[in-house]
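Chemist:
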Ligand SMILES: Cc1ncc(COP(=O)(O)O)c(C=O)c1O
C-alpha cells in the first residue's frame, strides 16, 4: 500500500475522525503517551497476518523466508532512520526494555563498587529506576543532577557532576514532562571526556527530531515504536560498535545461538545474540512502515509544525488567570509538549472535564515523580502535539480549559 501521507494528513489516521456517542469529536492531544497509527501501518499489520505470518529464521519453508526477509528489511529501514547500521540495532518491546537490556547486558558486567551513575532529576522512571537499582546492587553512587525549574539543563552544573569515577551518564534527549530538548551532543562529549558511557533515552526525541546516532556519538540509544506511529510492543536499542562486544546477552533461549553443548553455548553474532525467543515480527514490520511515513512527512517539518502549535498555544493561553504553563519559553529547546496546571483544580479533574469536550490529554506525575517532587507540584495536566494536530485542536483545548475555569470559579 502506498504510504504517502494524504494532503490532509489527518485522513491517513482513521481514529482521528472518531465522534463519541455524545457527539463530541476526538481531539487527541496525548501523543507523548502514545501516537495514533496511520492506515498504512494498520494495513501492513493486516497484510502480515493475512499472507506472511510465520516464525523467523527457523523454517525452510517459503512463508518463513518471507517473514524473515521482511523482518530483516524492517531492521535495515529502522536502523537507517536513526543513522545506525543494522547489526547495531536490536528490536525490543520499547524504551523500558531497551534500558533494562543495557543495565543487565552491559551494566551488570561493567559497573563496579564506587562507580558513579549519573541521571537528571527530570528522567522518566524508565531511565531512572533501572539505574538506581543497578547502583544499589553494585554499591555504586547514583547521582541525580538537578535541572532549572523551566526544565532546561545548566551544562556547567552538569559538568561539575561528571568525574573520573562516572561510569554511566543516562539522559533523555527530550523530557516527557515539559518537552524540553537537552543539548545531547555536548552531554555526550562531556561524559566521554571523563571516560563515561552514554545512554540516550530517545523515547520522546526519535519521534520528533531527526536522529543520527553517529553524529550524536552516544553508546546506546533507546526508543519506542508506539510513540512514532508504530504498533505497541515494539521498539529499538542502538548499541554502538564499540559497546556491542562488551554487551553480554541478557536473555537466553532460541534464536540467539550458534552452537549449544551440554556445558557451554556459542552465541550468534549481534544483533541475533540479543534477541532470544520469537520476536515481535509484525511489530517490527509495522514500525518500518511507520518510519516510511515519518520520512515522507519530514522530520524537520514535524518539529516545525509542533513548535508552531506551541507558539499558538501560548498566544491563546497566556494571560488566562490562574493558569500555570511549564517549560522554557525558548521554543528552539522544545517539542510539542505543554504541561500546565489550573490553580485550585486537580489535574485529574482538568483531564476529566476536558474529556467531556472530547479533548484527550494526560494528567499525573508522568512517570517522573522525582522531578515533580523537585518542583513541588506533584502533578500536571499535559497536552502533547504531533504533526496531525491542528490550530483547531489548540482552539478546542483553550475552550475546554476555559470551561474548567468556569466550572470551578
Ligand atoms: C522519556 C521517556 N522514557 C521512557 C519511556 C518509556 O517508554 P515505554 O513505556 O514505551 O517503554 C517514556 C514513555 O512515556 C518516556 O516518555
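Residue numbers (the working numbering): 1 to 409.
Heads up, the beta-carbon is just placed ideally off N, CA and C, and yes, glycines get one too.
#1: Roughly how many whole angstroms lie between the Cα atoms of residue 304 and residue 254?
#2: Looking only at DSSP bridge pairs, what is residue 120 linked to?
#3: Beta carbon of residue 220, beta carbon of residue 235: below 8 angstroms?
#4: Whole angstroms is fine: what's the gap from residue 264's alpha carbon to residue 250's?
#5: Cβ of residue 126 within 7 angstroms of any heavy atom in ligand 1?
#6: Using the C-alpha atoms, what's the distance from residue 128 back to residue 325?
#7: For the beta strand (DSSP E) containing residue 238, list its first residue and its last residue.
#8: Find the nearest neighbour of residue 161 within the set 204, 116 and 148, judged by alpha-carbon distance.
#9: Comparing the CB of residue 51 with every heavy atom of ligand 1, is any distance shorter than 7 angstroms?
#10: Helix, strand or coil, according to DSSP, for residue 324 in the structure here?
#11: How about residue 172: is its Cβ closer than 7 angstroms to a heavy atom in ligand 1?
#12: Just to confirm the assignment, what range does the beta strand (DSSP E) spanning residue 176 have?
#13: Going straight from the alpha carbon of residue 1 to that of residue 44, what length do you get?
#14: Just to confirm, does residue 224 get its C-beta within under 7 angstroms of one of the non-hydrogen atoms of ligand 1?
#15: Shortest alpha-carbon distance to residue 216 belongs to which of 83, 390 and 242?
#16: Do you know how far the Cα of residue 50 is from the Cα of residue 182?
#17: Can you look up residue 291 in the DSSP assignment and give me helix, strand or coil?
#18: Starting from residue 359, follow its DSSP beta bridges and name the residues at the other end.
Modeler: The short version:
#1: About 44 angstroms.
#2: Per DSSP, 145.
#3: Taking 8 angstroms as the Cβ cut-off, residue 220 and residue 235 do not qualify as a contacting pair.
#4: One C-alpha to the other measures close to 16 angstroms.
#5: For ligand 1, at least one heavy atom lies less than 7 angstroms from the Cβ of residue 126.
#6: Linking residue 325 to residue 128 through their CA atoms gives a straight-line distance of about 25 angstroms.
#7: In the DSSP assignment, residue 238 falls within the beta strand (DSSP E) that extends over 235 to 239.
#8: Nearest to residue 161 by alpha-carbon distance, out of 204, 116 and 148, is 116.
#9: No.
#10: Secondary structure of residue 324 (DSSP, three-state): strand.
#11: The beta carbon of residue 172 sits closer than 7 angstroms to at least one heavy atom of ligand 1.
#12: Element bounds for residue 176: n/a, residue is neither H nor E.
#13: Because the pLDDT at residue 1 is just 42, under 50, the model does not fix this residue reliably, and the point stays unresolved.
#14: Distance from the C-beta of residue 224 to the nearest heavy atom of ligand 1 is below 7 angstroms.
#15: Of 83, 390 and 242, the residue nearest in Cα terms is 83.
#16: Take the alpha-carbon of residue 182 and the one of residue 50: they are about 43 angstroms apart.
#17: If DSSP states are grouped into helix, strand and coil, residue 291 belongs with the helices.
#18: Beta-bridge pairing links residue 359 to 27.
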